[in-house]
Ligand SMILES: Cc1cc2nc3c(=O)[nH]c(=O)nc-3n(C[C@H](O)[C@H](O)[C@H](O)COP(=O)(O)OP(=O)(O)OC[C@H]3O[C@@H](n4cnc5c(N)ncnc54)[C@H](O)[C@@H]3O)c2cc1C
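Protein chains in written order, with the working numbering: chain A, 1 to 549; chain B, 1001 to 1200.
The structure is reproduced here in C-alpha cells:
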C-alpha cells in the first residue's frame, strides 16, 4: 500500500535534522522524519565505562549496531571491514537525537574568520581550503535561535575574541570547578583571557526541564536528569507537538529518488520490520551526518546523476574533516579532582587565530572527568604502563591531574573522503561507505604549537610534570565529522548552494555537518544547529500555497 | 583548594615533590592506607570460573600474565578481580575477533619462555616474569616464534583487556567488588542526583 504523500521527508533525527524538521513542521509543512535508530534512555547502559559513546570497547551505547559496518583504509591500499565500535569507523551515533543525546554539550559559535579561512590565510598546498558562501553575520540570528530554543548556559563577556552577539545566553554560565579555578588564575597570570565554556546544559531549570546535577560522567552518556539539551528533548518533541510531523524510527533510507526532470520525488527506505517502503514528498532534506549523507547521495543514482545525487563534479564525500585534537596533560601536587561533573568548565580562545605562520588554530579547554580506564592510558613518555608502577601512578595522580585539549581547525583535503565500497553491504543490502585518505600535514604543525600553549598553561598552573599530545596524519572525521557536501556558489567546486540546496536539484536540501566548508577551531554542533535554522528558514520562506516556489 | 591532607582513598601521603623530583619512573611506590585485607580475603574465596574459550592451561598462563600487569599489593590485583573471567567472557562476545590472537599468542609466549628462559612462565622468579613480558612489549622475543600477532601486538592486546577488566563495570566480568573504584576512592556505584540541584 502506498504511503500518504507528504510535503517533506527529513532523513536523520540528529542535530541538523532535528532542527530542520521542527522548523518545517512549525511552518505548516507535513513532515516525515526517517531515523535509522530508536529512542534511547539513560537506564539501558547507565554510566558504563566500556559501553558509551566515548569509550566504545564493548560497543556504542547509542548506536549504530553491527548491522551497519563500514570499510576503512587501514594501511596504504589496504581496506578492512570495520564495526561501529572500532576506531577506523569514525562513528558519531544513531538514535533519535544522535550525538546530541550523549555529547559533551559544548556550544560554540565559530568566529568571523572561521567563515573566511581562504581569504584570511590562503590555501596551503594540497588543501581545498575555501571561504563559506555565508558569513558569520548571516548565521548570527540562527546561532541565537539555537541558543535560545535548544538552550545554552554561558557568558562570553570575558572573551575578547568572541564574535559579536545581539542577545545574551538564556541561562547563566556554569561556575568553574576546582580545575577551572586553578586554570583561571594561571591563565590570567600569563595574559590569557579565560571564560566559562558555553554548554547545551541547564544551569537553571529551562524549557520545562531540570538543572544539571553535575554527574561525574556526562560526555559520552545520556543525562539521567534530562538536563542536557539535545534535539531529542527540544526540537523533535516540538516538531511532533505541531501535529504536522511523524517520526519513523528504525527506518533506514536507502536512496533519494530523483526523476528525469532532476527533481527529488521521495525516499526509499527499510522500515522497522526491514520491509522496503517508498515515501514520496514535495521536497527532501538529508541530515544523516557528514559520512552517511555522502553515502546516501552517492547511492542515489538516476539518469541525470549517474554517479549519485549532486555528484556531477565528483565532490560528494570529499573533504572529510573533523578536528585534529591536541593538548597537554599535567600532574599536580594538590588535589585537582572534585567530582563535580562533567568537569570541562574553562576555555581560552586566545589561540584560535593570529598564530604567526599558522593557518588558524584552536580553542583550549580543560577536559571532561576521565574515567579510571581512560586515565590508565594517560602517562608521561617513558612511564611504565603496567605492573606496580601502573597502580601506584593511578593512586597517586588520578585525582591530581589536569588535561587541556584543543580541536585544531583542519585544512580540508580533497582525497580525504567517503566513497561507496564496491562489494560490502549492510544488513539491509545497502552498499556501505569506504573511508580513505589522511590529514593535511599543516594540521600537525598547528597541533604542535597549540599543544605547547596548553603545556605552558598547565606549567603556570603549578603542574609538576607535563607532556604534550600532538595529532598524527590519520584520517579525521569521527564525532566531529564534516565537510563532505560543502556549500558554495560554484557548482563545480561544491555540492550545495548557500541555502543547503543541492546544485541542480531544486527540491533536495542538506542540513547537517556535511555542509561545513571548514570546521572552526571549536566543537561543531551549535553551528550545525544554526545551519538547521538557516536551511529550514529558507525552505519555509519559499513555501507558499502548499508548494516550493 | 590546596588540599594537603589527602581524603580517604585519595592516594599515598608521601612527599610528592620529593618523589617527582627524583623522576617519575618506578619511584612512586608507597603504602596505601586503605584497609583492604578483608576485601582480599573475601575475594580469595571466589569460586574458580568455568572457561568459555580458554583451555585450563591457556587460562592459567593468561592469569599469570594479567597478574604481572596489575599485581596484587595491599589492594586486589588482576587475579582477585576476575581479569580472566572478563577476557574469557568477552572473547565469546564483543571481542570475539581476537580469539585467534589469544590462541596463537599464548602458544608463542609459552614457547618463548621455554626457549629464551629455559622454563615455563609459571616457574620463573618474579623479576624474570616481568622481564619476559617486557621483552614482549619491546618486541625482543625470538622472531621465529612470532608472526601474527607480533609480540608487542599480543602484549598490548592483553594489556588493554586487563585494564578494561580492572576499571570497567563489574557487569562485564571483571572489577570484582568494585575493587578499582575502592582503590581510587571513588564512590561506586555512583548515586545519580547526589548533588543538590533545582527541579524544573
Ligand atoms: C560523545 C560525543 C561528544 C560530543 N561532544 C560534543 C560537544 O561537546 N560539542 C559539540 O559541538 N559537538 C559534540 N559532539 C558532536 C555532535 O554530536 C555532532 O557534531 C552532531 O551530532 C552532528 O550533527 P549532524 O546533524 O551532522 O549529524 P547527526 O547528529 O549524527 O545526525 C545524523 C542522524 O541521521 C541518522 N541517519 C544517518 N543515515 C541515515 C539513513 N540512511 N536513514 C535514516 N537515518 C539516518 C543517524 O542515525 C543520526 O541520528 C559530540 C559527539 C559525541 C558522540
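Even glycine gets a Cβ: it sits at the ideal position worked out from N, Cα and C.
Just so it is clear, the structure is predicted and the values come from calculations on it, not from any experiment.
Would the C-beta of residue i count as close to ligand 1, meaning under 8 Å from any of its heavy atoms?
{"i": "residue 425 of chain A", "result": "no"}
{"i": "residue 514 of chain A", "result": "yes"}
{"i": "residue 108 of chain A", "result": "yes"}
{"i": "residue 219 of chain A", "result": "yes"}
{"i": "residue 321 of chain A", "result": "no"}
{"i": "residue 295 of chain A", "result": "yes"}
{"i": "residue 404 of chain A", "result": "no"}
{"i": "residue 36 of chain A", "result": "yes"}
{"i": "residue 1051 of chain B", "result": "no"}
{"i": "residue 292 of chain A", "result": "yes"}
{"i": "residue 366 of chain A", "result": "no"}
{"i": "residue 526 of chain A", "result": "yes"}
{"i": "residue 253 of chain A", "result": "yes"}
{"i": "residue 383 of chain A", "result": "no"}
{"i": "residue 522 of chain A", "result": "yes"}
{"i": "residue 100 of chain A", "result": "yes"}
{"i": "residue 511 of chain A", "result": "yes"}
{"i": "residue 481 of chain A", "result": "yes"}
{"i": "residue 95 of chain A", "result": "yes"}
{"i": "residue 389 of chain A", "result": "no"}
{"i": "residue 153 of chain A", "result": "no"}
{"i": "residue 429 of chain A", "result": "no"}
{"i": "residue 229 of chain A", "result": "no"}
{"i": "residue 126 of chain A", "result": "no"}
{"i": "residue 64 of chain A", "result": "yes"}
{"i": "residue 343 of chain A", "result": "no"}
Taking residue i as the reference, give the member of the options with the closest Cα.
{"i": "residue 475 of chain A", "options": "A:89, A:38 and A:61", "result": "A:89"}
{"i": "residue 210 of chain A", "options": "A:198, A:190, A:217 and A:171", "result": "A:171"}
{"i": "residue 1051 of chain B", "options": "B:1160, B:1084, B:1187 and B:1148", "result": "B:1084"}
{"i": "residue 1136 of chain B", "options": "B:1072, B:1145 and B:1151", "result": "B:1151"}
{"i": "residue 67 of chain A", "options": "A:274, A:207, A:265 and A:31", "result": "A:274"}
{"i": "residue 260 of chain A", "options": "A:306, A:57 and A:368", "result": "A:306"}
{"i": "residue 344 of chain A", "options": "A:197, A:169, A:53 and A:535", "result": "A:197"}
{"i": "residue 138 of chain A", "options": "A:228, A:545, A:527 and A:268", "result": "A:527"}
{"i": "residue 356 of chain A", "options": "A:95, A:234, A:445 and A:134", "result": "A:445"}
{"i": "residue 524 of chain A", "options": "A:505, A:108 and A:34", "result": "A:108"}
{"i": "residue 10 of chain A", "options": "A:542, A:284, A:541 and A:83", "result": "A:284"}
{"i": "residue 227 of chain A", "options": "A:252, A:342, A:315 and A:155", "result": "A:342"}
What is the residue span of the alpha helix (DSSP H) that residue i lies within?
{"i": "residue 1091 of chain B", "result": "1083-1091"}
{"i": "residue 1184 of chain B", "result": "1179-1184"}
{"i": "residue 539 of chain A", "result": "525-542"}
{"i": "residue 1164 of chain B", "result": "1151-1167"}
{"i": "residue 1099 of chain B", "result": "1099-1112"}
{"i": "residue 20 of chain A", "result": "15-26"}
{"i": "residue 141 of chain A", "result": "136-146"}
{"i": "residue 104 of chain A", "result": "Element bounds for residue 104 of chain A: n/a, residue is neither H nor E."}
Give the range of the beta strand (DSSP E) segment to which residue i is assigned.
{"i": "residue 32 of chain A", "result": "31-34"}
{"i": "residue 509 of chain A", "result": "508-510"}
{"i": "residue 325 of chain A", "result": "324-331"}
{"i": "residue 424 of chain A", "result": "417-425"}
{"i": "residue 283 of chain A", "result": "276-286"}
_Sufficient close CB pairs (3 or more, under 8 Å) joining the stretch 454-474 of chain A to the stretch 107-122 of chain A_ = no
*asked:* For a minimum of 3 consecutive residues, which ranges assigned as the beta strand (DSSP E) are wholly contained in the stretch 337-403 of chain A?
replied: 346-348 and 364-366
*How do the stretch 171-184 of chain A and the stretch 199-217 of chain A stand: do at least 3 beta-carbon pairs fall below 8 Å, yes or no?*
yes
*How about the stretch 116-131 of chain A and the stretch 77-97 of chain A: do they share at least three Cβ pairs that are nearer than 8 Å?*
no
*Unbroken beta strand (DSSP E) runs of length 3 or more, entirely within the stretch 427-506 of chain A: which are they?*
431-436 and 465-469
*How do the stretch 120-127 of chain A and the stretch 95-110 of chain A stand: do at least 3 beta-carbon pairs fall below 8 Å, yes or no?*
no
*Pair every Cβ in the stretch 289-300 of chain A with every Cβ in the stretch 384-402 of chain A, then say whether three or more of these pairs are closer than 8 Å.*
no
*Evaluate the contact criterion for the stretch 322-339 of chain A versus the stretch 473-488 of chain A: three or more CB pairs, one atom per stretch, below 8 Å.*
yes
*Complete runs of the alpha helix (DSSP H) confined to the stretch 1049-1077 of chain B [at least 4 residues]*: 1056-1069
*Mind the definition here: the stretch 28-46 of chain A touches the stretch 57-71 of chain A only if three or more C-beta pairs lie below 8 Å; say whether that holds.*
yes
*Mind the definition here: the stretch 391-399 of chain A touches the stretch 1175-1188 of chain B only if three or more C-beta pairs lie below 8 Å; say whether that holds.*
yes
*Check whether the stretch 368-379 of chain A touches the stretch 422-430 of chain A, counting contact only when three or more Cβ pairs, one atom from each stretch, lie closer than 8 Å.*
no
*Inspect the CB distances between the stretch 213-221 of chain A and the stretch 180-200 of chain A and report whether three or more fall short of 8 Å.*
no
*Could you tell me whether the stretch 410-423 of chain A touches the stretch 327-335 of chain A, using the rule of 3 or more Cβ pairs below 8 Å?*
no
*Taking contact to mean at least 3 C-beta pairs separated by less than 8 Å, is the stretch 45-55 of chain A in contact with the stretch 263-270 of chain A?*
no
*Could you tell me whether the stretch 1109-1129 of chain B touches the stretch 17-31 of chain A, using the rule of 3 or more Cβ pairs below 8 Å?*
no
_In chain order, what are the residue ranges of uninterrupted beta strand (DSSP E) at least 3 long that sit wholly in the stretch 188-255 of chain A?_
245-248
*Three or more C-beta pairs closer than 8 Å, one from the stretch 26-36 of chain A and one from the stretch 242-253 of chain A: is that the case here?*
yes
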